[in-house]
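Position 94 of the sequence shown, counted from 1, bears residue number 94 in this note's numbering, the numbering being contiguous throughout.
Note sheet for the following structure.
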Amino acid sequence: MCWSCNAYCGNCKPPKEKPRQCTNCKAFNFDPEKTTCRKCGAELPPRVPPPVILCQLCGMKCANPCKKGERPPADGVLRPCKLRTPPQEELEAISKQQNAQS
């Protein structure tokens, strides 16, 4: 357990997106929605999404993993994860199923 939370570490919950650095002026940009640099206005490099992993805690794929999913639970029992982010393919499949039922 941490004494104070670092939003970028990812030990206890999925990490925040890391700031992107402008290739022209080297300024860090913390707003994940912006596509241009706040200082010089240049185009920012594209975001690099975290790799999709098989979470060892819940046994399902996670698109924004935390470090809890890197090793199985001590008692060996899989548990649902409140912080799990489904991969894009899974979200699209769910959307198609809901549209088919409508």
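Ideal placement from N, C-alpha and C gives every residue a C-beta, glycine not left out.
Specify the secondary structure class of residue i as computed by DSSP and reduced to three states.
i	result
Gln56	coil
Asn99	helix
Glu43	strand
Lys67	helix
For residue i, which residues in the same chain have their Cβ closer than 7 Å to its Cβ, ignoring the five residues on either side in sequence?
i	result
Ala29	Residue identity differs from the one stated: residue 29 is Asn in this sequence, not Ala. If we look at Asn29 and ignore the five residues flanking it on each side, its Cβ neighbours are Pro19, Arg20, Cys22, Cys37, Arg38 and Leu44.
Mind checking residue i: buried by the 16 CB within 10 Å criterion, or exposed?
i	result
Asn64	buried
Leu91	exposed
Leu57	buried
Gly41	exposed
Cys55	buried
Lys96	exposed
Cys62	buried
Beta-carbon within less than 6 Å of residue i's beta-carbon, same chain only, minus the 5 sequence neighbours each way: which residues are those?
i	result
Leu83	Lys13 and Pro14
Taking only beta-carbon atoms, is residue i less than 8 Å away from chain D?
i	result
Asn11	The question asks about chain D, but that chain is absent: this structure has only one protein chain.
For the stretch 71-78 against the stretch 44-53, are there 3 or more C-beta pairs whose distance is under 8 Å?
-> Contact between the stretch 71-78 and the stretch 44-53 is not established, with fewer than three Cβ pairs separated by less than 8 Å.
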